[in-house]
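Here's the structure we're looking at; comments come further down.
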Amino acid sequence: MKKISLVLVLLMFAVSATFASTIASLDPSNPLPKTIADRVSFRIKGTGSKNIMVTIGIGSQPGSGACCSGVSPNTTASFVGNVGDVVYDGKTRRVITKIYKELDGTTIDLSQYY
């Protein structure tokens, strides 16, 4: 009888722990991982006649994340980033723009920034 009681207590403890961890993952103060919907695809066009080669980095702040992909003056390159991250100049660490949902499918023209 004691063995059965012990097994039942352990089983109830395991179910309680599992239920508590499920509730903790639903807590609004506990951030959930980013979903695929938070990723944005966009293009960056070079500086054109200004003839400036720009290295592009994408991350949560300048100097972090993926650095650096070069964009030649007369080319357009495709990039993907998370909403809330920044696009920055890899050499100067200057922020070019912050990534937001409406940026999806658009082109950033670097000639407007240099």
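Just so you know, the sequence shown maps onto residues 10 to 123 in our numbering.
Yeah, the Cβ is synthetic: ideal placement off N, Cα and C, and Gly gets one too.
Heavy atom of the ligand ZN within 7 Å of residue i beta-carbon
i	result
residue 107	Inclusion of the ligand ZN in the displayed structure is not the case, the ligand content being empty and no account of it being possible.
Reduced DSSP category for residue i - H, G, I as helix; E, B as strand; rest coil
i	result
residue 94	coil
residue 47	helix
residue 81	coil
residue 57	helix
residue 100	coil
With 16 other Cβ atoms within 10 Å as the buried cut-off, status of residue i
i	result
residue 111	exposed
residue 94	buried
residue 90	buried
residue 113	exposed
residue 31	Residue placement at residue 31 is flagged as unreliable, the pLDDT there being 49, under the threshold of 50; the coordinate-derived value follows with that caveat. Exposed, since its Cβ has fewer than 16 Cβ neighbours within 10 Å.
Bounding residues of the beta strand (DSSP E) (the contiguous stretch that carries residue i)
i	result
residue 73	Run containing residue 73: none; DSSP gives neither H nor E here.
residue 118	116-118
residue 67	63-68
Cβ-Cβ separation, residue j to residue i (assumed contact under 8 Å), whole Å
i	j	result
residue 65	residue 88	7 Å
residue 106	residue 96	5 Å
residue 56	residue 82	5 Å
residue 117	residue 86	At roughly 10 Å, the Cβ-Cβ gap does not stay under 8 Å, so residue 117 and residue 86 are not in contact.
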